[in-house]
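Input: a single structure, listed below in structure tokens.
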DNA sequence: CATTAACGTAACGATACGGCTCGTAACTAA
DNA sequence: TTAGTTACGAGCCGTATCGTTACGTTAATG
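Chains as they are written, first to last, in UniProt numbering: chain D, 1 to 212; chain R, 1 to 212.
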């Protein structure tokens, strides 16, 4: 997979890093609305064409910033269970604790919010952002839940995607409403309720509430 | 509470309605990013100062549009349980079904996404938007859950705010990731898991998973 | 009629978008 | 060495939006 050397002056890898770093700083300080290409270019000490040579738009740049920040600081974010030997319950718990805790870090919170803002304000960008930055993680969670069903840890009739939505969505909602201070405890408590609800039914306890 | 008539030409109530309607249409067609004050003014057949006389900023206008759209079309959105005689389980079910179903309507989806975009892109606006447009509903849900705890329908040790986060957040995440097609079923299934997890523990079934 | 304020029109300065052109630097191929 | 190609920083361009202002008109008060 060696890079094919093309004629002409090669791009400076240090410039890539400087831009990403500057964009991350601006995102932290001013939020997604406050991130302009000109501000990023100035902060990175580069010209605007240098930005547009690499990223076709503001959304694309922000997407890459989020991507790099996540993979630099939260290595296992894409894989819920680092230890394959653990049960699904333990894997899910480990991952969700890490995820909720990372959302408590302002650096990651800003990244998640930026992705959210980009997706929410423009339906067109939302699809591509989801495909590239969120779906792999989402599918890994569902896979983890599915393995828990196969091992008998979880109810077979549970809607696993609904559970994944609730896990990710609850953190997202907390970030949006700035209730994030109590996040770590709340993550633990949400796991309590969801894991209890996922437990296979016994004879004494029917699977559904009587009302319907 | 009669309006005190002040001297001078009074504001035209029809103009208010025309602006709100135009802003709603633009929001539906072009999303939050595509909503500009000039576009709204043009669509409403009104000058820009007329907009700024009523709303101090774009965010304020969008906030009011969401407010009016919700209260016009989803009357009970602020009060989970229309029938006070119902149990908390039934109240919660009724409300969440209505909420998830309304999110399936593109008109409401656009409103929720607009609020989300505004909150996500600017931390400053997020706080005031939350206070005025989301918190009452959120607190009503928590109150409903709390009444369920008091009546013995739900576990006393459950984190009710975590449950509320999960309910609202799951819908939000589905909207953001355009997985909203399966929303009605998923809402039902999430209720299944959460209500099962909220059920008070019995002697046969310990409250927590063994692993910790 | 005098006062007051909302109205539409038409600007304003500031800022950001995405693109473009300069002159220069860096690298490859002949 | 030389020509060709591409990246680079600096900066300008046209369009667009922001929030604001000035101005003349219209509609209500007293």
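Heads up, the beta-carbon is just placed ideally off N, CA and C, and yes, glycines get one too.
Predicted, not measured: the structure shown is a model, and the values here were computed from it.
| Item | Value |
| --- | --- |
| Reduced DSSP category for residue 7 (chain D) - H, G, I as helix; E, B as strand; rest coil | coil |
| Cα-Cα separation, residue 132 (chain R) to residue 86 (chain D) | 45 Å |
| Short Cβ contact (8 Å threshold) for residue 114 (chain R) with residue 66 (chain R) | yes |
| Extent of the continuous alpha helix (DSSP H) run through residue 170 (chain R) | 160-176 |
| Interface partners of residue 189 (chain D) on chain R, CB under 8 Å | 158, 159 and 162 |
| Nearest neighbour of residue 38 (chain D), chosen from D:28, D:156 and D:58 [CA to CA] | D:58 |
| Three or more C-beta pairs below 8 Å linking the region 186-200 of chain R and the region 92-99 of chain R | yes |
| Near-chain D residues of the region 121-144 of chain R (beta-carbon distance less than 7 Å), N- to C-terminal order | 121, 122, 123, 126, 127, 130 and 134 |
| Coil, strand or helix - residue 106 (chain R) by DSSP | helix |
| Range covered by the alpha helix (DSSP H) that runs through residue 156 (chain D) | Segment: none, residue 156 (chain D) is in no alpha helix (DSSP H) and carries neither H nor E. |
| Burial state of residue 196 (chain D) (16 or more Cβ within 10 Å) | buried |
| Buried or exposed (CB count within 10 angstroms, at least 16 for buried), residue 150 (chain D) | exposed |
| Cβ separation of residue 42 (chain D) and residue 116 (chain R), assumed to be a contact under 8 Å, to the nearest whole Å | The Cβ separation is near 30 Å, so there is no contact. |
| Rounded straight-line distance, which links the Cα of residue 33 (chain R) to that of residue 24 (chain R) | 13 Å |
| Three-state secondary structure (DSSP) of residue 1 (chain R) | Reliability of the predicted coordinates at residue 1 (chain R) is poor, the pLDDT of 43 falling under 50, and the value obtained from them is presented with this limitation in mind. In the structure shown, residue 1 (chain R) sits in coil (DSSP, three-state: anything other than H, G, I, E or B). |
| Candidates D:167, D:153, D:28 and D:17, of which the one nearest residue 137 (chain D) by Cα | D:167 |
| Residue 106 (chain D) versus residue 28 (chain D) - alpha carbon distance | 8 Å |
| Cutoff 6 Å; reference residue 239 (chain D); Cβ partners in own chain excluding five residues on either side | Residue 239 (chain D) lies beyond the stretch modelled for chain D, which goes from 1 to 212, so this question has no answer here. |
| Proximal residues of chain D, C-beta to C-beta of residue 257 (chain R) below 7 Å | The structure shown has nothing for residue 257 (chain R), since chain R only spans 1 to 212. |
| Nearest neighbour of residue 48 (chain D), chosen from D:164, D:16, D:71 and D:8 [CA to CA] | D:16 |
| Cβ pair residue 53 (chain R), residue 127 (chain D) closer than 8 Å | no |
| Continuous alpha helix (DSSP H) stretch holding residue 138 (chain R): start and end | 135-150 |
| Per-residue DSSP class, three states only, for residue 32 (chain R) | coil |
| Nearest residue (CA-CA) to residue 163 (chain D), options R:185, R:108 and R:157 | R:185 |
| Residue-chain proximity (residue 197 (chain R), chain D), Cβ-Cβ < 8 Å | yes |
| Same chain, Cβ closer than 6 Å to residue 50 (chain R), neighbours up to 5 away in sequence not counted | none |
| Residue 101 (chain D) versus residue 44 (chain D) - alpha carbon distance | 30 Å |
| Simplified DSSP assignment, three categories, for residue 95 (chain D) | helix |
| Between the CA atoms of residue 13 (chain D) and residue 69 (chain D) - distance to the nearest angstrom | 17 Å |
| Where residue 63 (chain D) sits in the DSSP three-state scheme | helix |
| Residue 69 (chain D), DSSP secondary structure in three states | helix |
| Three-state secondary structure (DSSP) of residue 122 (chain R) | coil |
| Status (buried if at least 16 other CB within 10 Å, exposed otherwise) for residue 108 (chain R) | buried |
| Proximity below 8 Å, CB of residue 103 (chain D) to CB of residue 175 (chain D) | yes |
| Short Cβ contact (8 Å threshold) for residue 147 (chain R) with residue 88 (chain R) | yes |
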